[in-house]
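Novice:
Protein chains in written order, with our numbering: chain A, 6 to 184; chain B, 76 to 835.
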C-alpha cells in the first residue's frame with residue numbers, strides 16, 4: 006500500500022466498461038491515461054471514437070476529435086464535477102490522505118493485493134457517486150477502479166501496462182497536460 | 076449654478092455620425108459607461124497565480140464592495156448560471172435550438188440526423204466527462220442541450236474573460252480581471268475622483284499585506300473623465316494667471332504707474348462676467364476648454380481699454396472737450412468688429428464646442444468693448460495720468476520692408492502640399508500612462524477582438540430582435556463558409572419570438588409518425604426507448620403548442636439577464652440590440668459591409684467613427700477661415716478703400732505663411748489650427764487698422780506704442796497656453812502667438828509701402 010500512496014506519475018492502457026441504464030448493452034471504450042501528481046490527468050479514448058480529456062488543476066479540456074468539438078471548462082463552476090474529477094485523480098495518485106476528507110475509506114487485504122472502498126461522506130459527492138472501489142496489485146500498482154454512480158449506472162476501468170513513477174519529459178508534459 | 080464640463084465629445088461635429096457616437100455611448104452604458112476594469116498582475120517573480128495572489132484578488136473584490144461606492148464588483152461568471160439554464164432555457168429547448176428553423180428542424184429529426192445524435196450520445200455516455208449528458212439524456216437523447224450550450228458558448232464567450240478557479244483572468248493567467256460598476260455617474264468627477272483614490276488606496280494596503288509585488292492597472296471612462304477635469308482645471312488656473320500677470324506687468328512697463336490699471340482691468344472683468352452669465356443662462360454649463368480660452372481673452376480684451384487710455388492720456392483736445400476723437404473711435408470700432416466677425420464665423424461651425432467658444436468670446440469681447448467706451452474716457456479725463464505713457468516708435472525703415480514680406484511669402488510655396496489630419500489619436504491629449512494602461516487592460520478582454528458594433532434599432536423590442544436574427548443569419552452564413560469573422564450575438568441567448576414560433580411550427584409540421592420513428596431509432600441504436608419518457612412528453616407538449624417562447628423579460632434578475640443587458644438595451648425612442656463583430660477580413664469581402672444596407676441596422680466602428688467625426692468637419696472649419704479672409708477683405712475695402720487692403724494684407728499673408736511653415740514642419744493640419752488662424756485673422760487685422768489709420772492722421776508714433784502693448788499682452792496670453800497640459804490648448808496657443816507676432820511684423824513692413832514708413 007505504501008508504494009500505491011507514493012505514486013508521482015502513472016501511465017497505463019485502460020479498458021472502461023460502463024453499465025448504463027439507458028442502454029441494452031454495456032459500453033466499452035479503450036485508450037491510454039497519464040497521471041502526474043498532484044492534479045494532472047490525460048485520458049485519451051482511442052476506440053470507439055477518439056476523445057481526449059485533459060485535466061490540469063481546475064481546468065478541463067474535452068476534445069472529441071471525430072466530431073471536431075473541443076470545449077474547455079472550469080471545474081470551479083460546479084462543485085459536483087470538481088469533486089468527482091478530483092476523486093478520480095486522487096485515486097490514481099493513491100492520495101488516501103486527501104480522499105478521507107470527502108469519503109469514508111476502508112482498505113481491505115485481498116489475496117492478490119488490496120482493495121480500497123470509498124463511500125461519500127455527503128453532498129455534493131453523494132449526488133453523483135454511491136461508491137468507488139480501487140483494486141491494487143501486490144506491488145502497489147493500481148489495477149482497477151469501479152465507480153457506482155447515483156443514477157444506478159456503473160463503470161469498471163481496468164488498467165494494463167501500468168508504469169509508475171516514470172518521469173514525463175518536457176515534451177510529454179506539454180503534449181499530455183496542456184488544458 | 077454653472078457646471079464645469081470636460082466631455083471632449085462636445086468638440087465633435089454634429090450630424091449622423093454624432094448620433095452614432097451617442098448610440099455607441101449607450102452601448103458602453105451597458106458595460107463601461109460607469110465601469111472600471113481593474114487588472115491585478117501576478118508579481119513578476121512568480122510564474123503563475125498562487126494562493127497568496129488568489130487571496131489578494133478575493134480580498135480586493137470584497138473590500139471594494141464594502142466601500143459602498145460600487146453597484147457591483149465582478150471577478151468571475153455570475154453564480155447560478157446552470158440553474159438559470161435549467162429553469163428558463165431548458166423548458167423552451169424545442170423553441171430555441173434551431174438557427175434556421177425551416178431547414179434545421181427537419182434535418183435534426185430526419186433519420187440521418189437522429190442516427191448521428193444517438194451516436195454522439197453513446198460516445199458521451201462512454202466518457203467520464205459525460206455526466207451532464209447522462210443526467211439530461213432521458214429528457215434529451217438528441218442532445219439539443221449541446222446545441223443550446225454550444226450556441227451560447229459560441230455567441231457569448233467573447234464577452235467574458237478566461238475563467239480560472241472561478242476568477243476571470245487574462246489568457247496567459249498573469250492578470251486577474253475585475254469589472255466594477257460605480258454608483259456614481261461617469262461624469263460626476265468629484266465622486267469618481269473619490270472612487271479612484273479609494274481603489275488605489277485599498278489595493279495598496281492589501282497588496283503590501285497579502286501579496287507584495289502584485290500590481291494594479293485600471294482603466295475606464297471615469298479615469299479619463301477625472302484626469303481630464305483635473306488637467307482642465309490646472310490649465311485654466313495656469314493660463315489665467317500667466318495672462319493676468321503678463322498683462323499687468325506690460326501695463327506697468329508702458330504706463331509707468333498703476334493709476335489706470337483698475338480702469339483697464341474693469342472692462343476685461345466685466346466682459347468675462349457677462350460671457351459667463353450668458354453661457355450660464357444658455358447652457359447651464361461651461362466647458363473647460365472654453366474657460367481656458369476665456370483666460371486667454373484677458374490678453375485680447377485688454378486691447379480696447381489700453382488703446383483708449385494710451386491715446387486719451389496723450390490727447391490735450393480730449394482733455395479739453397471730453398469728446399472721443401473721431402479717428403480713434405473709427406479705428407476701435409473697426410478693430411472690434413473684425414475680431415467679432417472672426418468669432419461670429421466660428422458660430423457657423425458644426426462643432427458645438429467651437430460654437431460655445433465663439434459665443435463666450437464674442438460676448439466677452441463685446442462686454443469689454445462696451446465697458447471700455449463707457450468708463451475709460453470719463454475716468455481718464457477726470458483722473459489724468461501723472462506721467463505720460465512711454466512713446467515707442469516701432470515703424471520699420473522702408474529697405475527692410477520688402478525682404479521681410481518676401482521672407483514671409485516663401486513658406487506659402489509649401490501650402491499646396493497641405494495635409495489634413497485623419498487620425499483622431501493625434502488630438503488625444505490624455506496622459507500617456509493612462510493611454511498605455513487603457514490599451515493594455517483592454518487587450519486583456521476578449522471583447523477587444525470584436526471592435527465593431529452592429530446595432531439594430533427600433534421602437535419595439537421584438538422588431539429589434541428580428542433584425543438581430545437577420546444580422547446573425549448573415550454573419551453565420553459567412554462563418555459557415557470562408558471569409559467569416561468572429562462575432563458575439565444576442566441571438567445565441569434570445570432569438571426573436573417570431574423565430575421561436577417558426578421553430579415550434581416546423582416541429583409541429585413534422586409527420587405524425589415522428590414519435591414512433593424516434594422510438595425505433597432509439598431501439599436500433601441499442602437504447603431502451605422506455606427510459607426516455609420525459610423526452611417524449613416534452614416533445615408532445617412542444618408539438619401541441621404547449622411551449623411559450625422566451626421573452627427578454629423572462630431573464631430579469633437572473634445571471635443570464637446580465638448577458639442580455641450587455642447586448643440589448645432601451646433607448647429614448649425604443650430599443651437597440653448589439654452584435655459585436657471582429658475587424659474586417661483582409662483578403663475577402665467584409666460580411667459586415669452588406670449589413671449597412673439594412674435600414675434598421677447601423678454599423679459602428681468606434682476608432683474609425685471618432686477619427687471621422689473629428690476630422691470630417693476640418694475642411695468646413697478651414698472654409699470658415701477663408702470666408703473670414705473674404706469677409707474682412709470686403710469689409711476693409713468698403714470701409715477704407717485701397718488702404719483697407721493694405722490693412723488686411725499682413726493677416727492674410729500670415730495665414731498662408733503659418734500654414735506653409737506647418738506644412739514644412741511635416742505637421743498635418745487639424746481643425747484646431749483652423750481655429751487658431753481664424754483668431755489670428757480676427758485680432759491681427761486690428762494692428763493694420765490701428766497703425767494705418769493712425770498713420771493717415773500722422774499719429775503713428777503715438778499709436779504704435781499702444782499697438783505694441785496690445786500685441787504684447789495678447790502674445791503673452793496665448794504664449795501662456797504653452798504652459799497648458801491640454802494638447803489642444805498648446806497647439807492653439809503656439810499657432811496664435813507665432814501668427815500674431817508675424818502679423819505685427821508684417822504690418823510694420825506694410826506701413827512704409829503704404830507710404831507711412833519711418834523717416835530715413
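From the three backbone atoms N, C-alpha and C, an ideal C-beta is built for every residue, glycine too.
Between residue 623(B) and residue 695(B), what straight-line distance do the alpha-carbon atoms span, to the nearest angstrom?
Specialist: Cα to Cα, the separation comes out at about 55 Å.
Novice: Residue 607(B): buried (16+ other C-beta within 10 angstroms of its C-beta) or exposed?
Specialist: Buried.
Novice: Since I believe residue 46(A) is in contact with residue 38(A) (beta carbons under 8 Å), could you give me their beta-carbon distance rounded to a whole number of angstroms?
Specialist: Confirmed, Cβ separation roughly 7 Å.
Novice: Does any C-beta atom of chain B lie closer than 8 Å to the C-beta of residue 95(A)?
Specialist: No, its Cβ sits nowhere closer than 8 Å to a Cβ of chain B.
Novice: Tell me, please, whether the CB atom of residue 528(B) is closer than 8 Å to any CB atom in chain A?
Specialist: For residue 528(B), the answer is no, since every Cβ of chain A falls outside 8 Å of its Cβ.
Novice: Using DSSP with H/G/I as helix, E/B as strand and the rest coil, what is residue 915(B)?
Specialist: Outside the shown range of chain B (76 to 835) lies residue 915(B), about which nothing can therefore be said.
Novice: Can you tell me the Cβ-Cβ gap for residue 656(B) and residue 667(B), rounded? I've got them flagged as a contact below 8 Å.
Specialist: Contact holds; Cβ gap of about 5 Å.
Novice: Between residue 209(B) and residue 158(A), how many whole angstroms is the CB-CB distance? I'm expecting something under 8 Å.
Specialist: About 7 Å separates the two Cβ atoms, so the contact holds.
Novice: What residues of chain B sit near residue 14(A), judged by a beta carbon separation below 7 Å?
Specialist: Those within 7 Å of residue 14(A) in chain B number zero; the least Cβ separation is about 20 Å.
Novice: Which term fits residue 310(B), buried or exposed, when burial requires 16 or more other beta carbons within 10 angstroms of its beta carbon?
Specialist: Residue 310(B) comes out buried.
Novice: So that I know if they touch, is there some Cβ in chain A lying closer than 8 Å to that of residue 165(B)?
Specialist: Residue 165(B) does not count as touching chain A.
Novice: Within the 8 Å Cβ cut-off, does residue 156(A) reach chain B?
Specialist: Yes - at least one Cβ of chain B is within 8 Å of the one on residue 156(A).
Novice: Given this structure, state the Cα-to-Cα distance separating residue 178(B) from residue 627(B), to the nearest angstrom.
Specialist: If you take the alpha carbons of residue 178(B) and residue 627(B), they lie about 25 Å apart.
Novice: Any C-beta of chain B within less than 9 Å: which residues of the region 107-129 of chain A qualify?
Specialist: Those residues of the region 107-129 of chain A that come within reach of chain B (Cβ to Cβ, closer than 9 Å) do not exist; the list is empty.
Novice: Between the Cα of residue 168(B) and the Cα atoms of 604(B), 815(B), 819(B), 616(B), which residue gives the shortest distance?
Specialist: Measuring from the Cα of residue 168(B), the nearest candidate turns out to be 616(B).
Novice: So, at 8 Å on beta carbons, what are the nonlocal neighbours of residue 341(B) in its own chain, with the 5 sequence-adjacent residues on each side left out?
Specialist: Excluding positions up to five away in sequence, the list reads 380, 446, 450.
Novice: Please go through the same chain and pick out, in chain order, the residues whose beta-carbon is closer than 7 Å to the beta-carbon of residue 778(B), but skip the five residues on each side of it.
Specialist: Hits under 7 Å: 765, 766, 769.
Novice: For chain A, check one thing: does any of its Cβ atoms lie closer than 8 Å to the Cβ of residue 271(B)?
Specialist: Chain A, which has no Cβ nearer than 8 Å to the Cβ of residue 271(B), makes this no.
Novice: So is residue 183(A) buried or exposed if we call it buried at 16+ other beta carbons inside 10 Å?
Specialist: Label assigned to residue 183(A): exposed.
Novice: Is the Cβ of residue 34(A) closer than 8 Å to any Cβ of chain B?
Specialist: Yes - at least one Cβ of chain B is within 8 Å of the one on residue 34(A).
Novice: Please list the segments of the beta strand (DSSP E) lying wholly inside the region 138-170 of chain B, counting only runs of 3 or more residues, in order along the chain.
Specialist: Entirely contained in the region 138-170 of chain B, the beta strand (DSSP E) runs reaching 3 residues are, in chain order, 145-149.
Novice: CA-CA distance, residue 808(B) and residue 470(B)?
Specialist: Using only the alpha carbons, I get a separation of about 26 Å.
Novice: State the CB to CB distance for the pair residue 153(A) and residue 132(A), rounded to an integer number of angstroms; the pair is presumed to be in contact (CB under 8 Å).
Specialist: With a Cβ gap of about 13 Å, residue 153(A) and residue 132(A) do not count as contacting.
Novice: Let me check one thing: in DSSP terms, what residues is residue 48(A) bridge-paired to?
Specialist: According to DSSP, residue 48(A) bridges with 38(A), 58(A).
Novice: Under 8 Å between C-beta atoms, does residue 2(A) make it to chain B?
Specialist: Here chain A covers residues 6 to 184 and nothing more, so residue 2(A) does not appear.
Novice: At a CB-CB cut-off below 9 Å, which residues of chain A make contact with residue 212(B)?
Specialist: Those are 25, 27, listed as they occur along chain A.
Novice: By DSSP, does residue 104(B) sit in helix, in strand, or in coil?
Specialist: Caution is warranted here: a pLDDT of 35 is assigned to residue 104(B), below 50, making its placement in the model unreliable, and no coordinate value can be reported.
Novice: Quick one: which chain B residues come within Cβ less than 8 Å of residue 79(A)?
Specialist: Neighbours of residue 79(A) on chain B, chain order: 238, 239, 240, 241.
Novice: Have a look at residue 26(A) and residue 238(B) and give me their C-alpha separation to the nearest angstrom.
Specialist: Rounded to the nearest angstrom, the two C-alpha atoms are 34 Å apart.
Novice: Between residue 520(B) and residue 112(B), is the Cβ-Cβ spacing less than 8 Å?
Specialist: Closer than 8 Å, so yes.
Novice: Let me know if residue 290(B) comes out buried or exposed under the rule of 16 or more other beta-carbons within 10 Å of its beta-carbon.
Specialist: Answer is exposed; the Cβ neighbour count stays below 16.
Novice: When you compare only the Cα positions, how much space is there between residue 479(B) and residue 821(B)?
Specialist: Residue 479(B) and residue 821(B): Cα-Cα distance of roughly 7 Å.
Novice: Would the beta-carbon of residue 285(B) fall within 8 Å of that of residue 127(B)?
Specialist: Yes.
Novice: By DSSP, does residue 305(B) sit in helix, in strand, or in coil?
Specialist: Correct three-state label for residue 305(B): helix.
Novice: Taking a Cβ distance cut-off of 9 Å, strictly less, list which residues of the region 49-63 of chain A are near chain B, in chain order.
Specialist: Going along the region 49-63 of chain A in chain order, one finds 50, 53, 54, 56, 58, 62, 63 with a Cβ nearer than 9 Å to chain B.
Novice: Comparing C-alpha positions only, which one of 483(B), 190(B), 229(B) sits nearest to residue 568(B)?
Specialist: Selected option, being the one with the closest Cα: 229(B).
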